[in-house]
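Before any comments, here is the structure.
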Ligand SMILES: NC(=O)c1ccc[n+]([C@@H]2O[C@H](COP(=O)([O-])OP(=O)(O)OC[C@H]3O[C@@H](n4cnc5c(N)ncnc54)[C@H](OP(=O)(O)O)[C@@H]3O)[C@@H](O)[C@H]2O)c1
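In the working numbering, the protein residues as written are 13 to 335.
In structure tokens, the structure reads:
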């Protein structure tokens, strides 16, 4: 089969299309023919190994000291089950599925084997493979943080770094909850953010939201680039500060603030699960949220897809079309 091989840490060009052995499913596994794989910005961070300094060593030990232990990137996919192991009961050959590969990665390939108990769900007929491939990591993290932040109707939420995979779903889900949504991102993404429902948009290069005199109930920083102290200052008493990207020092400050202050800091990532996949795909089918795909690239052009994401021009999602 064809796959995008990731032989070493580095720039997008390290990603190479190669012919590798097609995997065979173990007794509890599904062989999935991949049709679409979302290119999550976290894939780019892994590829170039851009991690918070405080977490660099443990993550490097986990992922491979000199070179990546896993050779194929890709956390999210949609495809068709081609074969199942003899103990599989949850799915059958021919099922169209979508979900996450979790720490096995491997979605940038024509085929991947995943245990049947992984974060997978049946793809609704009305949802394309490309759309379905965007739901697992971005959609579930958006849902997870809004739930953890207990976002309620009428509350003010500011979403910082709203124009990407997590943020575009967070904006739409916060609107469904009845919140008043302010988004912060670069100028080129503000029209798109208004189109998907943002009530207010802020260009981070032009305006510091913490100077606008508004106190928010919730601040959700998707990219980990907001100022900790100024964000806390911009929260109401009992406000919640949600962070999808943190280093050790913010974790320690967050634990202190939550323990001794009148605001909560929440940074634990989501436990991806199949129930949330079904919930999100039902919202897509009902037209209550949109997937917001910016571009699709053929599998062979995975390096170009990574370069495009790193150009900062991406709006929403970039997807690899595989089959
Ligand atoms: N499994 C995983 O890999 C995983 C899971 C959970 C969370 N995460 C974390 O989630 C983050 C990625 O979220 P995502 O996929 O939504 O990212 P994304 O698609 O890259 O979107 C991030 C948005 O933030 C904007 N941005 C960059 N700098 C900013 C700043 N200083 N102020 C305001 N906005 C800014 C970017 O726009 P410009 O580029 O135009 O500035 C972009 O629109 C990563 O940091 C990753 O570590 C990863």
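Where a beta carbon is used, it is the ideal one built from N, C-alpha and C, also for glycine. As the structure is a computational prediction, the values presented were derived from the model and not from experiment.
Short check: CB of residue 128 to CB of residue 103, under 8 Å?
Closer than 8 Å, so yes.
Kindly provide the ranges of any beta strand (DSSP E) runs that are 3 or more residues long and lie completely inside the region 32 to 77, ordered along the chain.
DSSP runs (the beta strand (DSSP E)) wholly in the region 32 to 77: 41 to 50.
Helix, strand or coil: how does DSSP classify residue 149 here?
Residue 149 falls in the helix class under three-state DSSP.
Using 8 Å for Cβ pairs, my map puts residue 209 next to residue 184. What's the rounded Cβ distance?
About 6 Å; that satisfies the 8 Å criterion.
Check whether the region 108 to 128 touches the region 46 to 57, counting contact only when three or more Cβ pairs, one atom from each stretch, lie closer than 8 Å.
Judged by Cβ distances under 8 Å, the region 108 to 128 makes contact with the region 46 to 57, as three or more pairs qualify.
Three or more C-beta pairs under 8 Å: does that hold for the region 233 to 242 against the region 170 to 179?
As far as the Cβ criterion goes, the region 233 to 242 touches the region 170 to 179, which means the pair count is three or higher.
What's the gap between the Cα of residue 332 and the Cα of residue 82?
Their Cα atoms are separated by approximately 19 Å.
Identify every run of the beta strand (DSSP E) within the region 296 to 324, keeping only runs that are complete inside it and at least 3 residues long; order them along the chain.
Entirely contained in the region 296 to 324, the beta strand (DSSP E) runs reaching 3 residues are, in chain order, 305 to 310.
For residue 43, which of 125, 179, 68, 79 has the nearest alpha-carbon?
Closest by alpha carbon: 125.
Find the nearest neighbour of residue 190 within the set 294, 304, 325, 168, judged by alpha-carbon distance.
Nearest of 294, 304, 325, 168 to residue 190, Cα basis: 168.
What separation, rounded to the nearest whole angstrom, lies between the Cα atoms of residue 316 and residue 246?
Residue 316 and residue 246: Cα-Cα distance of roughly 39 Å.
Listed by chain order, which residues have C-beta atoms less than 6 Å from any heavy atom of ligand 1?
Counting every residue whose Cβ lies closer than 6 Å to a heavy atom of ligand 1, we get 52, 53, 54, 57, 87, 149, 150, 153, 172, 173, 175, 176, 177, 178, 179, 196, 197, 198, 201, 216, 234, 235, 236, 237, 256, 257, 281, 324.
From 216, 20, 293, pick the residue whose C-alpha is nearest to that of residue 302; which is it?
Ranking 216, 20, 293 by Cα distance to residue 302 puts 293 first.
Indicate whether residue 144 and residue 135 have their beta-carbon atoms separated by less than 8 Å.
Yes.
Return the Cβ separation of residue 306 and residue 328 in integer angstroms, given the expectation that the two are a contact with Cβ distance under 8 Å.
Confirmed, about 5 Å.
Grab me the residues of residue 33's own chain with a C-beta within less than 8 Å of its C-beta, minus the 5 sequence neighbours each way, in chain order.
Here the set comprises 13.
So, is residue 71 buried or exposed, given that buried needs 16 or more other C-beta atoms within 10 angstroms?
Residue 71 should be labelled exposed.
Just verifying my parser: in three-state terms, what is the DSSP assignment at residue 332?
Of the three classes helix, strand and coil, the one that applies to residue 332 here is strand, per DSSP.
So, are the CB atoms of residue 211 and residue 250 less than 8 Å apart?
No, they are not a contact pair.
Tell me, to the nearest whole angstrom, how far the beta carbon of residue 289 is from that of residue 110; I am working on the premise that it is less than 8 Å.
Between residue 110 and residue 289 the Cβ distance is about 7 Å, and since that is below 8 Å, they are a contact.
Residue 214 and residue 196 - do their beta-carbons sit closer together than 8 Å?
Closer than 8 Å, so yes.
From the DSSP output, in three-state form, read off residue 101 for me.
Correct three-state label for residue 101: coil.
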